[in-house]
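Engineer: With UniProt numbering applied, the sequence shown has no gaps in its numbers, which climb one by one up to 434 at the end.
The beta-carbon is built from N, C-alpha and C at its ideal position, and this holds for glycine as well.
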Amino acid sequence: MQLPSQEAATPSTSPEHLRALVHSLPDLIIRQSIDGTYLDFVVSKAEELTASAESMRGVNIRELGLPPELTDTVLQSLKRAIEEGTVEVFEYELQVLRGLQHYESRIVRCGPNEAVCIIRNVTERKQAEKRLLAQEEELQRHRAHLEELVRQRTERLVQATRSLEERQAQLIQAEKMASLGQMAAGVAHEISSPVGYVLSNLGALNEYGAVLLPLLRLQQELLAASATGAPQEPVLERMRAQWEREDVKSILEDMPELLQESLVGARRIREIVQTLRLFAREDSREPQPADLNAELESTLKMVWNQLKYKCTVTRDFGTLPLLRCHPTQLAQVFTNLLINASQAIETQGAITLSTRHEQNAIVVRISDTGKGMTPEVRARLFTPFFTTKPREQGTGLGLSVSYSIIASHQGHIEVQSEPGQGTTFTIRLPVLPE
1 MQLPSQEAAT PSTSPEHLRA LVHSLPDLII RQSIDGTYLD FVVSKAEELT ASAESMRGVN
61 IRELGLPPEL TDTVLQSLKR AIEEGTVEVF EYELQVLRGL QHYESRIVRC GPNEAVCIIR
121 NVTERKQAEK RLLAQEEELQ RHRAHLEELV RQRTERLVQA TRSLEERQAQ LIQAEKMASL
181 GQMAAGVAHE ISSPVGYVLS NLGALNEYGA VLLPLLRLQQ ELLAASATGA PQEPVLERMR
241 AQWEREDVKS ILEDMPELLQ ESLVGARRIR EIVQTLRLFA REDSREPQPA DLNAELESTL
301 KMVWNQLKYK CTVTRDFGTL PLLRCHPTQL AQVFTNLLIN ASQAIETQGA ITLSTRHEQN
361 AIVVRISDTG KGMTPEVRAR LFTPFFTTKP REQGTGLGLS VSYSIIASHQ GHIEVQSEPG
421 QGTTFTIRLP VLPE
């Protein structure tokens with residue numbers, strides 16, 4: 001390829017330097033006219049040509065037998081580069097002496113009707129891109145496979161978690177029913193006492209009614225006689241006799257007291273039944289705001305018959321925020337701990353309930369002055385089916401279920417106890433933002 005001479009060329013831009021620079025490039029450089037005739041070549045690798053450079057000089061591209069679409073692309077790119085001054089870049093495949101190769105061609109105008117075509121072999125780059133694409137596709141397949149595995153295992157984990165939650169709910173409900181069974185005798189006694197005096201009062205009121213109804217009928221007769229002008233004295237005499245014979249004055253004095261006692265007894269029965277219903281109901285799946293002081297009071301009413309004969313109960317309730325929780329589950333924990341405290345007191349003792357709001361947590365402490373525990377018992381206290389009680393007094397699930405309930409509320413439960421020194425259970429429940 002002829003380079004223009006320069007009379008005042010500097011050493012760095014002299015024709016010799018430029019020629020050395022051009023010949024050192026790994027690219028095929030072709031000077032070509034606008035009609036596609038090959039004018040000159042700089043060939044670093046002869047195998048990049050479809051024929052020898054000497055045989056191609058002066059030959060038009062149409063005479064080389066190249067693929068028609070490649071010939072058209074070259075001619076159109078030559079025309080645009082020379083007439084519009086653009087740099088035309090395109091890629092193509094071509095069968096040459098060394099086989100099928102990939103090329104990148106850049107065409108730049110270098111005169112009124114000429115252009116320089118710089119052709120670079122990009123076969124290795126294309127092969128690398130192809131390998132990279134294959135690796136990417138393989139990676140995508142592996143990723144899709146891993147994602148499917150994760151999806152399947154997540155689904156199985158969700159199903160297992162749901163099944164575990166259902167079994168835990170069943171276990172909690174079963175333990176709740178067991179607690180109700182333990183409390184049945186006490187609850188029956190709590191109900192039988194008000195039922196007894198309500199029935200007794202109703203019996204007396206029924207008798208009083210039998211006395212008062214004849215008087216009411218005589219009063220009707222008196223009103224009728226007054227309205228018709230008939231004699232009233234005979235009716236009045238009968239009323240006086242009935243009044244004195246049945247001691248109506250005493251009946252009228254006794255009736256308000258009997259009615260009031262009956263109302264108190266009926267309300268007590270209703271309160272016990274409502275407490276039982278609240279305890280026995282299943283919690284909704286969503287947590288609800290609850291006042292733990294009120295829940296402790298309600299639980300005390302439930303188990304009171306088991307406590308009152310041998311325990312004094314002291315309440316030390318602090319001011320608490322509402323806690324989003326499952327109230328009946330926590331009521332079951334309180335029930336288990338209060339029954340345990342009662343059973344730990346052999347003759348006479350005391351139970352203390354305290355609540356505090358400390359460091360964004362609600363702390364509930366239930367202490368008793370019972371017989372306490374050995375370190376060995378404390379170590380196994382929350383183990384399912386572990387119990388030191390006779391079979392008829394427990395299943396060994398109460399404290400393990402209580403532990404699970406507190407854990408499900410993101411809280412924890414601790415026990416402090418020494419033989420002969422009583423026991424304190426401490427429950428910490430975080431007050432979580434809504």
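CA-CA distance, E244 and A266?
Structural biologist: Within the sequence shown, the letter at position 244 stands for residue 244. Within the sequence shown, the letter at position 266 stands for residue 266. Roughly 33 angstroms separates the two Cα atoms.
Engineer: Quick check on DSSP: helix, strand or coil for Y309?
Structural biologist: Against the sequence shown, residue 309 aligns to sequence position 309. DSSP places Y309 in coil when its eight states are reduced to three.
Engineer: Return the chain-ordered ranges of every alpha helix (DSSP H) run that is complete within the region 355 to 415 and spans a minimum of 4 residues.
Structural biologist: 375 to 379, 398 to 408, all fully within the region 355 to 415.
Engineer: For V96, does the three-state DSSP call read helix, strand or coil?
Structural biologist: Translated into positions along the sequence shown, residue 96 becomes position 96. In the structure shown, V96 sits in a strand (DSSP, three-state: E or B).
Engineer: DSSP on Q219, reduced to helix/strand/coil?
Structural biologist: For the purposes of this step, residue 219 is taken as residue 219 along the sequence shown, with counting starting at 1. Q219 falls in the helix class under three-state DSSP.
Engineer: Please work out which residues of its chain come closer than 8 angstroms, Cβ to Cβ, to A81, disregarding the five sequence neighbours upstream and downstream, and give them in chain order.
Structural biologist: Stepping through the sequence shown from its first residue, residue 81 is reached at position 81. V87, E88, I107, V108, R109, A115, listed in sequence order.
Engineer: Rounded to whole angstroms, what's the CA-CA distance from L259 to T299? Just pull it up for me.
Structural biologist: Taking the sequence shown and counting its residues from 1, the one referred to as residue 259 is at position 259. Taking the sequence shown and counting its residues from 1, the one referred to as residue 299 is at position 299. Straight-line Cα distance between these residues: approximately 29 angstroms.
Engineer: Ordered along the chain, which non-local residues of its own chain (more than five positions away) have a Cβ less than 6 angstroms from that of residue 461?
Structural biologist: Residue numbering for the chain in the displayed model covers 1 to 434; residue 461 lies beyond these limits and cannot be assessed.
Engineer: Just to confirm, is the Cβ distance from L338 to E295 under 8 angstroms?
Structural biologist: On the sequence shown, position 338 is the one that residue 338 refers to. On the sequence shown, position 295 is the one that residue 295 refers to. No, they are not a contact pair.
Engineer: Select from V235, S105, P231, S408 the residue whose C-alpha is nearest the C-alpha of L164.
Structural biologist: Here residue 164 refers to the residue found at position 164 when the sequence shown is read from its first residue. Closest option to L164, Cα to Cα, is S408.
Engineer: Can you list, in chain order, the residues of its chain whose CB lies under 7 angstroms from that of G85, leaving out five sequence neighbours each side?
Structural biologist: On the sequence shown, residue 85 is found 85 positions in, with the first residue counted as 1. For G85, where only same-chain residues beyond five positions count, the Cβ hits under 7 angstroms are R109.
Engineer: In its own chain, which residues sit with a C-beta less than 7 angstroms from the C-beta of P214, not counting the 5 before and 5 after it?
Structural biologist: Stepping through the sequence shown from its first residue, residue 214 is reached at position 214. Closer than 7 angstroms at Cβ, skipping near neighbours: Q242.
Engineer: If we ignore side chains and look at the alpha-carbon of each, how far apart do R151 and Q410 end up?
Structural biologist: Taking the first residue of the sequence shown as position 1, residue 151 is located at position 151. Taking the first residue of the sequence shown as position 1, residue 410 is located at position 410. The alpha-carbon atoms of R151 and Q410 are separated by roughly 27 angstroms.
Engineer: Out of curiosity, what's the CA-to-CA distance linking V363 and N305?
Structural biologist: As a working note, residue 363 is residue 363 in the sequence shown. As a working note, residue 305 is residue 305 in the sequence shown. Answer to the nearest angstrom: the Cα atoms are 26 angstroms apart.
Engineer: Considering only DSSP beta bridges, list what T426 is partnered with.
Structural biologist: Numbered from 1 along the sequence shown, position 426 holds the residue referred to as residue 426. Answer is R365, E414.
Engineer: When the Cα atoms are used, what is the spatial distance from G398 to L429?
Structural biologist: If you number the sequence shown from 1, residue 398 lands on position 398. If you number the sequence shown from 1, residue 429 lands on position 429. Rounded to the nearest angstrom, the two C-alpha atoms are 19 angstroms apart.
Engineer: Which one or two residues does DSSP pair with Q101 in a beta bridge?
Structural biologist: By one-based count along the sequence shown, residue 101 stands at place 101. Paired residues: L94.
Engineer: By how many angstroms is the C-alpha of Q288 removed from the C-alpha of Q359?
Structural biologist: On the sequence shown, residue 359 is found 359 positions in, with the first residue counted as 1. On the sequence shown, residue 288 is found 288 positions in, with the first residue counted as 1. Cα to Cα, the separation comes out at about 21 angstroms.
Engineer: Would you decide whether L218 is buried or exposed? Buried here means 16 or more other CB atoms lie within 10 Å of its CB.
Structural biologist: As a working mapping, residue 218 is identified with position 218 in the sequence shown. Under this definition L218 is a buried residue.
Engineer: Using CA atoms only, rank isn't needed, just tell me which of V401, Q159, G370 is closest to S417.
Structural biologist: Against the sequence shown, residue 417 aligns to sequence position 417. The shortest Cα separation from S417 among V401, Q159, G370 belongs to G370.
Engineer: Helix, strand or coil, according to DSSP, for L39 in the structure here?
Structural biologist: Along the sequence shown, one-based indexing puts residue 39 at 39. The answer is strand: DSSP assigns L39 an E or B state.
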